[in-house]
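K.L.:
If you read the sequences in order, they're chains A and B. The working numbering applies: residue 344 is where the first sequence begins, and numbers increase by one. The working numbering applies: residue 35 is where the second sequence begins, and numbers increase by one. Virtual Cβ for every residue (Gly too), placed ideally from N, Cα, C. Note that the structure is a prediction, hence the values are computed from the model and not measured. Sharing a structure below in structure tokens format, with a few things to ask.
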Amino acid sequence: LKEKHKILHRLLQNSSSPVDL
Amino acid sequence: PESADLRALARHLYESYLKYFPLTKAKARAILSGKTSDSAPFVIHDMKSLLEGEQMINSRQMPAQELRRAEMSVMHEVELRFFHSCQSRSAEAVSEVTEFAKSIPGFVSLDLNDQVTLLKYGVIEVLIIMIAPLMNKDGTLISYGQIFMTREFLKSLRKPFCEMMEPKFEFSVRFNALELDDSDMALFLAVIILSGDRPGLLNVKPIEDLQETVLHALELQLKTSHPDSLQLFAKVLQKMTDLRQLVTDHVQLIQLLKETEVDWCLHPLLQEIMRDLY
Numbered sequence: 344l345k346e347k348h349k350i351l352h353r354l355l356q357n358s359s360s361p362v363d364l
Numbered sequence: 035p036e037s038a039d040l041r042a043l044a045r046h047l048y049e050s051y052l053k054y055f056p057l058t059k060a061k062a063r064a065i066l067s068g069k070t071s072d073s074a075p076f077v078i079h080d081m082k083s084l085l086e087g088e089q090m091i092n093s094r095q096m097p098a099q100e101l102r103r104a105e106m107s108v109m110h111e112v113e114l115r116f117f118h119s120c121q122s123r124s125a126e127a128v129s130e131v132t133e134f135a136k137s138i139p140g141f142v143s144l145d146l147n148d149q150v151t152l153l154k155y156g157v158i159e160v161l162i163i164m165i166a167p168l169m170n171k172d173g174t175l176i177s178y179g180q181i182f183m184t185r186e187f188l189k190s191l192r193k194p195f196c197e198m199m200e201p202k203f204e205f206s207v208r209f210n211a212l213e214l215d216d217s218d219m220a221l222f223l224a225v226i227i228l229s230g231d232r233p234g235l236l237n238v239k240p241i242e243d244l245q246e247t248v249l250h251a252l253e254l255q256l257k258t259s260h261p262d263s264l265q266l267f268a269k270v271l272q273k274m275t276d277l278r279q280l281v282t283d284h285v286q287l288i289q290l291l292k293e294t295e296v297d298w299c300l301h302p303l304l305q306e307i308m309r310d311l312y
């Protein structure tokens with residue numbers, strides 16, 4: 344699941360810093 | 035003591051909501067009713083005003099690569115350009131909802147796969163609820179409240195673009211009649227995110243436990259802040275059924291766009307969310 348949802352996963356793992364979408 | 039805990043939870047979620055969501059219901063309603071010191075929103079009601087307002091329809095932090103991508107692509111048509119902007123804003127909104135979800139006490143302690151699942155299935159429902167306060171029966175605020183786009187204009191776009199927003203307007207008019215405020219909304223969004231019946235969840239019990247606490251907080255708050263609104267808690271929860279149908283229909287329309295519009299490209303984050311959703 345994590346493999347198929349890399350951006351979502353990254354958003355969950357990162358702190359509230361702006362994420363390059 | 036228990037009700038004090040529930041009130042503290044409600045306060046915490048309201049603070050997160052204010053922190054992560056740029057346009058609150060209070061502000062949106064002030065703009066829509068003209069009771070704000072800010073200038074009135076620019077109205078888009080036809081193709082000419084869409085072209086004029088187009089520069090304003092950018093996301094808050096339009097990344098350079100996004101601009102380049104828009105320039106390089108062969109999207110000549112105004113509908114496609116407009117929906118491209120909508121996608122950028124939606125992707126941004128997904129990241130805001132993710133931050134809000136992470137602020138729900140206990141959420142980040144859940145299995146990481148389950149966090150992904152909850153967001154994948156919950157985020158479009160949350161976005162539909164969040165757009166409701168921006169809408170009235172005649173149109174919707176977009177672009178952080180700087181623009182008001184009329185419902186008639188959205189209906190006049192060519193198929194299937196014209197079919198995308200009308201179901202959301204119909205839902206919003208009914209949902210807005212419940213007159214929830216921003217602090218009620220914060221709790222309701224958390225309830226939606228913490229749905230233990232999403233497909234593929236690995237460990238349902240801790241999710242249901244968290245949701246039950248938030249449900250208690252929502253019930254208590256609605257009883258206190260809307261004492262005259264009969265059965266409001268039940269009415270709010272009933273909206274969750276409508277939401278699932280709205281999301282299913284929305285994903286089908288996006289699928290249709292992918293098949294019929296050669297120049298259509300879906301934002302990678304939205305692709306992740308919509309792939310194998312229902």
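If contact means a Cβ-Cβ distance below 8 angstroms, which residues of the segment 145-159 of chain B contact chain E?
P.N.:
In the displayed structure, chain E is absent; the protein chains listed are A and B.
K.L.:
To the nearest angstrom, how far is the alpha carbon of S37 (chain B) from that of F195 (chain B)?
P.N.:
Each residue's alpha carbon lies about 47 angstroms from the other.
K.L.:
Under three-state DSSP, which class holds L175 (chain B)?
P.N.:
The answer is strand: DSSP assigns L175 (chain B) an E or B state.
K.L.:
Compute the Euclidean distance between the alpha carbons of D148 (chain B) and L43 (chain B), then round it to the nearest angstrom.
P.N.:
Those two C-alpha atoms are separated by around 22 angstroms.
K.L.:
Would you mind working out which of B:L85, B:E111, B:L40, B:P240 sits nearest V296 (chain B), comparing C-alpha positions?
P.N.:
Comparing Cα-Cα distances from V296 (chain B) to each of B:L85, B:E111, B:L40, B:P240, the minimum goes to B:E111.
K.L.:
So the beta strand (DSSP E) F182 (chain B) belongs to, where does it begin and stop?
P.N.:
From DSSP, the beta strand (DSSP E) with F182 (chain B) extends over 181-184.
K.L.:
Does the segment 156-164 of chain B touch the segment 227-246 of chain B, meaning 3 or more C-beta pairs lie closer than 8 angstroms?
P.N.:
Yes: at least three Cβ pairs fall under 8 angstroms.
K.L.:
Only counting the same chain, and skipping five residues up and downstream in sequence, which positions put a Cβ closer than 8 angstroms to that of D283 (chain B)?
P.N.:
Result list for D283 (chain B): P201, in chain order.
K.L.:
Within the continuous alpha helix (DSSP H) that includes V131 (chain B), where are the two ends?
P.N.:
Element bounds for V131 (chain B): 112-136.
K.L.:
Give the range of the beta strand (DSSP E) segment to which V296 (chain B) is assigned.
P.N.:
Where V296 (chain B) is concerned, there is no enclosing beta strand (DSSP E), given that its DSSP letter is neither H nor E.
K.L.:
Classify Q121 (chain B): buried if its beta carbon has 16 or more other beta carbons within 10 angstroms, exposed otherwise.
P.N.:
Looking at its Cβ environment, which holds 16 or more other Cβ atoms inside 10 Å, Q121 (chain B) is buried.
K.L.:
First and last residue of the beta strand (DSSP E) that includes F141 (chain B)?
P.N.:
Here F141 (chain B) belongs to no beta strand (DSSP E), and DSSP marks it neither H nor E.
K.L.:
Would L161 (chain B) and R232 (chain B) be called neighbours here (beta carbons separated by less than 9 angstroms)?
P.N.:
Contact flag unset, no.
K.L.:
Leaving out five residues on either side along the sequence, give the residues of the same chain with a beta carbon under 7 angstroms from the beta carbon of L84 (chain B).
P.N.:
Counting only Cβ-Cβ distances below 7 angstroms, and skipping sequence neighbours, we find I78, V112, F116.
K.L.:
With a threshold of 9 angstroms between beta-carbons, can P302 (chain B) be considered close to chain A, or not?
P.N.:
So yes, P302 (chain B) belongs to the interface.
K.L.:
Which class does F76 (chain B) belong to by DSSP, given the choice of helix, strand or coil?
P.N.:
Three-state result, F76 (chain B): strand.
K.L.:
Taking its Cβ as the centre, do 16 or more other Cβ atoms sit within 10 Å of M81 (chain B), making it buried, or is it exposed?
P.N.:
Exposed, because fewer than 16 other Cβ atoms sit within 10 Å of the Cβ of M81 (chain B).
K.L.:
How should Q272 (chain B) be labelled, buried or exposed, when 16 other C-beta atoms within 10 angstroms of its C-beta is the threshold for buried?
P.N.:
Looking at its Cβ environment, which holds fewer than 16 other Cβ atoms inside 10 Å, Q272 (chain B) is exposed.
K.L.:
So, at 6 angstroms on beta carbons, what are the nonlocal neighbours of E167 (chain B) in its own chain, with the 5 sequence-adjacent residues on each side left out?
P.N.:
As written in the sequence, residue 167 (chain B) is Pro, which differs from the Glu given in the question. Around P167 (chain B): K59, A62.
K.L.:
Identify every run of the alpha helix (DSSP H) within the segment 225-292 of chain B, keeping only runs that are complete inside it and at least 4 residues long; order them along the chain.
P.N.:
Within the segment 225-292 of chain B, the complete alpha helix (DSSP H) runs of at least 4 residues are 238-259.
K.L.:
Grab me the residues of L355 (chain A)'s own chain with a C-beta within less than 7 angstroms of its C-beta, minus the 5 sequence neighbours each way, in chain order.
P.N.:
For L355 (chain A), where only same-chain residues beyond five positions count, there are no Cβ hits under 7 angstroms.
K.L.:
Judging by CA-CA distance, which residue of B:L40, B:G87, B:E86, B:E130 is the nearest neighbour of L57 (chain B)?
P.N.:
Nearest C-alpha to L57 (chain B): B:E130.
K.L.:
Using a threshold of 9 angstroms, state whether the C-beta atoms of D215 (chain B) and L52 (chain B) are closer than that.
P.N.:
In this structure, L52 (chain B) does not lie closer than 9 angstroms to D215 (chain B) by Cβ.
K.L.:
Starting from F205 (chain B), trace the alpha helix (DSSP H) in both directions and tell me its first and last residue.
P.N.:
Where F205 (chain B) is concerned, the enclosing alpha helix (DSSP H) stretches over 200-210.
K.L.:
Between the Cα of G234 (chain B) and the Cα atoms of B:V150, B:H118, B:T132, B:F76, which residue gives the shortest distance?
P.N.:
It is B:V150 whose Cα lies nearest to the Cα of G234 (chain B).
K.L.:
Determine, for S22 (chain B), whether the minimum Cβ-Cβ distance to residues of chain A falls below 9 angstroms.
P.N.:
The first residue shown for chain B is 35 and the last is 312, placing residue 22 (chain B) beyond what the model contains.
K.L.:
Any Cβ of chain B within less than 9 angstroms of the Cβ of K345 (chain A)?
P.N.:
Yes, contact with chain B.
K.L.:
Taking Cβ positions only, does V142 (chain B) come closer than 9 angstroms to chain A?
P.N.:
Yes, because at least one Cβ of chain A sits closer than 9 angstroms to the Cβ of V142 (chain B).
K.L.:
Since L311 (chain B) and I241 (chain B) are thought to touch, with beta carbons under 8 angstroms apart, how far apart are those beta carbons, to the nearest angstrom?
P.N.:
Incorrect: roughly 18 angstroms between the Cβ atoms, too far for contact.
K.L.:
Is the CB-CB distance between L254 (chain B) and R41 (chain B) below 9 angstroms?
P.N.:
In contact: L254 (chain B) and R41 (chain B) (Cβ atoms closer than 9 angstroms).
K.L.:
Output, in sequence order along the chain, the residues in the segment 193-208 of chain B whose CB is closer than 7 angstroms to any CB in chain A.
P.N.:
For the segment 193-208 of chain B, which is checked against every Cβ of chain A, not one residue is closer than 7 angstroms.
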